[in-house]
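Residue numbers (full-length UniProt numbering): 1 to 159.
One structure is given below, encoded as structure tokens.
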Amino acid sequence: MAHRVFLGLGANLDQPAEQIRAALRALDSLPQSRVIKSSALYTSSPLGPQDQPDYVNAVCLLETQLAPDELLQQLQRLEIEQGRVKKRHWGERTIDLDILLYDDLQLQSEHLQIPHSQMHLRDFVLVPLAEIAPGILVPGRDKVEELIAGLQDSFLRTI
1 MAHRVFLGLG ANLDQPAEQI RAALRALDSL PQSRVIKSSA LYTSSPLGPQ DQPDYVNAVC
61 LLETQLAPDE LLQQLQRLEI EQGRVKKRHW GERTIDLDIL LYDDLQLQSE HLQIPHSQMH
121 LRDFVLVPLA EIAPGILVPG RDKVEELIAG LQDSFLRTI
């Protein structure tokens, strides 16, 4: 059975917009998976240390038969293949791939939390998610539009 998974993509090094596009192509070639749709690209200021470039972000809908842990392993492999090196928390990166939603699953394990634990606080996740899945309910939270309305400010820019 195919699962509907929403993934967050982010990058701020080495031509970040191209890093996002390359990740989307790689996601489409994952085993038993295909990208159904993806949002526009957005730029946002970094969350953590401010001495780094702005981020480019997007959200995509992936249809997959991979289990959550298998998908996480595949995403981490793709990050490494695209040159991701973890230097500091919330630091710069060539690519970041996060599982935001996996069907209506709520999961908390040592390595994975679904829905993503901070997605309801991040405009660079919620706005692109609403673009490709208007009215979607974030399990344990609210509809995406309600979550967006609850944000303090949004400084996203579409590329």
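Note that the Cβ used here is the ideal one computed from N, Cα and C, for glycine as well.
For residue i, tell me which candidate among the options has the shortest Cα-Cα distance.
i	options	result
L137	R25, S44 and M119	M119
Y55	E63, E18, Q73 and S29	E18
D96	D123, E110 and L24	L24
D123	P46, D104, A2 and P53	P46
D69	L61, Q108 and Y42	Q108
Q65	V5, A149, Q76 and S117	V5
K143	L13, D104 and D14	D104
How about residue i and residue j: do their beta carbons lie closer than 8 angstroms?
i	j	result
V59	P128	yes
P139	P115	yes
I20	A26	no
I132	S29	no
D159	A40	Before going on, a small fix: residue 159 reads as Ile here, not Asp. Against a cut-off of 8 angstroms, the Cβ pair of A40 and I159 comes out as a contact.
D153	G8	no
Could you give the distance in angstroms between the alpha-carbon of residue i and the alpha-carbon of residue j?
i	j	result
L101	L112	11 angstroms
A67	Q50	36 angstroms
V35	Q106	22 angstroms
L78	L71	11 angstroms
R141	L121	11 angstroms
I80	N57	18 angstroms
R157	Q82	24 angstroms
T94	P53	11 angstroms
residue 162	L62	Because the chain here runs from 1 to 159, residue 162 falls outside it and cannot be looked at.
Assuming residue i is part of the alpha helix (DSSP H), what are its boundary residues?
i	result
A26	P16 to D28
I136	Neither: I136 is in no alpha helix (DSSP H) and is coded neither H nor E.
A67	A67 -> no alpha helix (DSSP H), and no H or E assigned at all.
I148	V144 to A149
What residues are listed by DSSP as bridge partners for residue i?
i	result
F6	L61 and L101
T158	Y42
S33	T64
L107	I114
V56	A11 and T43
residue 160	Here the chain has residues from 1 to 159 only, and residue 160 is not among them.
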